[in-house]
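For the sequence shown, our numbering assigns the number 1 to the initial residue and increments by one for each residue that follows.
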Amino acid sequence: MSNSGIYVQVPFCQTKCTYCNFHTGVVASSRFRPYVEAVCREIREHRLLLEAAGANWPGRWRGGGVARETRSEDLAVDTVYIGGGTPSLLDAAHLQNILNAIRASFAADLTEVTLEADPETIEAGKAAAWVRAGINRVSFGLQSFSDKELVAAGRMHRRADIYRAVPILREAGIRNISFDLIAGLSHQTKASWGQSLQELAGLAPEHVSVYLLEIDEDSRLGKELLQGGEKYSARSVPSEDDMVEFYEMAQQVLRAAGYRHYEISNWAKPGYESKHNLKYWRREPYLGFGAGAHSFSGTERWANAHDAAAYVTAVQGGRMPVEQHETMTAESALEEELFLGLRQLDGIDLAQIERDYGVSLAARFDPLTSAGLVERDGSIVRLAPERLTISNEVFVELMR
Ligand code: SF4
């Protein structure tokens, strides 16, 4: 039995963070209900919509490295990830409706149901309703414990909100909490980053994601940097060398606190690796619902319209809201297999991949092994743990 994941995108936020390059909008809360109704309809009518659009779902997909036909009755759903945006802004009843639609439309035995949340949106009543709806994991966009950094980044919450929100969630019965931190925020120093890591470890979430800030030139901060301006504390962005040091500090602190580093940006207490996100890195099938949501059948990838209003109009008109579609070639599938597989610190089984794709990869990997960028253990190949900060260079070399 193969299990699929479902991703639901909620593209609304209370404000726009200075570094944000996501397709999210600050809208009146009156827009939430029609959006949620469209998402529920897309979920309930997914078979009809996909058939009408000619999308190959359920498709041939690669499971355990072997391509095989799947039957619709094989496609049980065991993980749901409601992300954004800031989906915790929605009423709990909206989230309940989305999860009800999923349970009614799929063979759903949901073992992991994640809600992305911002700390300032947490209230006891909401948290209790989330648990009743079946949400059992909350992923917190903390980014930092420093108010100076949070203000510069345009975040709505402050350090005190984090300490207020976590006990509310624990009290409500959430046993699986993930924290996101960003290395590279304006005003971040080695001391303030170390402080954030220590405070995070003190709150003992089950899972941690650490992202290096990538400044998109279309974000407000990116535009300011390009113009050489001062707004958004653009002159106080740490250097790339600082960010490398911050990442290495995170590796040390989180290892000492009992977390296993299992993916380039992710650490977990034993048994708390994100089941849903592992599907992305393992190229297992998932369906995305909502504006801008991506889906993968094993042979095809497609993405919904990013514009929330266009998405709602398409679903209300009974049309598949897709704006991008790609059929995988053997070459693009192999590239993904390497790129996504190597993000996992357990590495990839090179001999298995060579058999599946009928290729020899020795010429690509031997120079990287000689340079100490990847390690080999029999047929298992993994990124060298002490060279993870230059993983992008490794991927570029590998895809040449
Ligand atoms: S909360 Fe996330 S999605 Fe929303 S504006 Fe900030 S970075 Fe962007």
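For each residue, glycine too, the CB sits at the ideal point set by N, CA and C. Note that the structure is a prediction, hence the values are computed from the model and not measured.
- In this structure, DSSP gives D147 a helical state, which the three-state scheme calls helix.
- With respect to the 8 Å criterion, S146 and Q195 are classified as neighbours on the basis of their beta carbons.
- Sequence-distant Cβ neighbours of E206 in its own chain, meaning closer than 8 Å and more than five residues away, are R175, N176, I177, S178, A268, K269 and Y272.
- For K16, the CB falls within less than 7 Å of some heavy atom of the ligand SF4.
- Counted as a single uninterrupted DSSP element, the beta strand (DSSP E) harbouring V80 occupies residues A76 to G84.
- By the CB criterion at 8 Å, D349 and S379 fall inside the cutoff.
- The continuous stretches of alpha helix (DSSP H) do not include L361, and DSSP gives it neither H nor E.
- Counting only runs of 4+ residues, the alpha helix (DSSP H) found wholly inside the segment 88-160 occupies 92-105, 124-133 and 147-153, in chain order.
- In this structure, the straight-line span from the alpha carbon of A108 to that of I102 is close to 7 Å.
- Here K190 is exposed, its C-beta having fewer than 16 other C-beta atoms within 10 Å.
- Check the Cα spacing between A363 and each of Y7, R400 and E263: the tightest is with R400.
- Where F246 is concerned, there is no enclosing beta strand (DSSP E), although the alpha helix (DSSP H) around it starts and stops at E240 to A256.
- Annotation for Y311: no beta strand (DSSP E) segment contains it, though the alpha helix (DSSP H) segment containing it runs A308 to Q316.
- Taken through DSSP and simplified to helix, strand or coil, I353 comes out as helix.
- Bridge pairing for E300: T327 [DSSP].
- The criterion of a C-beta distance shorter than 8 Å is satisfied by T114 and S139.
- Contact between the segment 277-293 and the segment 9-27 is present, with at least three C-beta pairs closer than 8 Å.
- Residue side-chain check: G84 places its Cβ nearer than 7 Å to a non-hydrogen atom of the ligand SF4.
- Within the same chain, and ignoring the five residues on either side of D118 in sequence, the residues whose Cβ sits closer than 7 Å to its Cβ are T86, S88, G141, M156 and H157.
- When distances are taken from the beta-carbon of G141 to the heavy atoms of the ligand SF4, the shortest one is below 7 Å.
- Distances from the alpha-carbon of V253 to those of A92, V208 and G84 put V208 closest.
- Look at L345 here: in three-state DSSP terms it is coil, with no helix or strand label.
- Inter-residue distance for H46 and A124 is about 34 Å (C-alpha atoms, whole angstroms).
- L287: member of the beta strand (DSSP E) spanning Y286 to F289, first to last residue.
- Residue state for E375 is assigned as strand, using DSSP reduced to three classes.
- Residue side-chain check: F22 places its Cβ nearer than 7 Å to a non-hydrogen atom of the ligand SF4.
- Ranked by Cα distance from A28, the options A308, A384, F365 and H325 are led by A308.
- At the C-beta level, A183 and F106 stay beyond 8 Å of one another.
- Of the heavy atoms belonging to the ligand SF4, at least one sits nearer than 7 Å to the Cβ of D118.
- For the set Y286, Y35 and K148, the Cα lying nearest the Cα of A76 is the one of Y286.
- Residue environment: Q316 is assigned as exposed (fewer than 16 neighbouring CB atoms within 10 Å of its CB, all protein chains considered).
- In the DSSP assignment, the residues bridged to N266 are S209 and E263.
- For C40, the shortest separation between its Cβ and any heavy atom of the ligand SF4 does not lie below 7 Å.
- Put simply, the backbone Cα of E323 is about 26 Å away from that of G222.
- In this structure, L340 sits near R283, with a CB-CB distance shorter than 8 Å.
- In the DSSP assignment, I43 falls within the alpha helix (DSSP H) that extends over F32 to R44.
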